[in-house]
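To start, the structure under review is shown below, and the notes come after it.
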Amino acid sequence: MARILLIEDSPTDTAVLTQLLERNGHEVLSSGSAEDGIEVCKRELPDLVLMDVVLPGMNGFQATRALSRDGATSNIPVLIVSTKGMETDKAWGMRQGARGYIVKPPDEGALIAHINELLGG
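In this text, residue positions in the sequence shown follow the working numbering: the first is 424, and each later residue adds one.
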């Protein structure tokens, strides 16, 4: 399946999402901060990035913008998975270059369907 980079600072959310993704056949790389996640993304070139918004230091919106505007990573779809569920948050995330926005906790079926859609499957 796909190599997915999870940028998430909550160990609990990281564990839950990693189990969910691996259960569905994906390989998971993880990072606890936006800055580190950008570096991992540039180095590993995953098939997709799952991005939290509330992160220490740089937030997920800023990291999404950085990845979507960098020639080396701009073709990697970013799917935001956040507790911030207001329409303004979703609109802002999409304006930063995200290809989708899912509110936590994600429904497993909906999340996997969205990932498959972004990966062209």
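Don't be surprised by glycine CBs; every beta carbon is placed ideally from N, CA and C.
Since we're looking at a predicted model, the values are computed, not measured.
Mapping DSSP to helix, strand and coil, what is residue i?
i	result
Ile525	strand
Ile535	helix
Glu445	helix
Pro434	helix
Thr487	helix
Leu440	helix
Asp459	helix
Taking 7 Å as the limit between beta carbons, can you name the residues of its chain near residue i, skipping five residues before and five after?
i	result
Gly460	Leu428, Ile430, Ser454, Ala486
Arg522	Pro500, Val501, Leu502, Leu541
Tyr524	Ile503, Lys513, Gly516, Met517
Spatial neighbours of residue i within its chain, please: C-beta separation below 8 Å, excluding the five flanking residues on both sides.
i	result
Ala425	His449, Glu450, Pro469, Asp470, Leu471, Ile538, Leu542
Leu452	Arg426, Ile427, Leu428, Leu429, Val463, Glu467, Pro469
Val465	A quick correction: the sequence has Lys, not Val, at residue 465. Asp493, Ala495, Thr496.
Counting only the same chain and skipping the five closest in sequence on each side, list residues whose C-beta sits under 6 Å from that of residue i.
i	result
Ala489	Ile461
Leu443	Glu531
Met481	Ala457, Glu458
What does DSSP give as the partner residues of residue i in its beta bridges?
i	result
Leu502	Leu473, Gly523
Leu429	Ser453, Leu473
Which whole-angstrom value is the C-beta distance of residue i and residue j, which I expect to be below 8 Å?
i	j	result
Lys513	Val477	Not really, about 15 Å apart at Cβ, beyond 8 Å.
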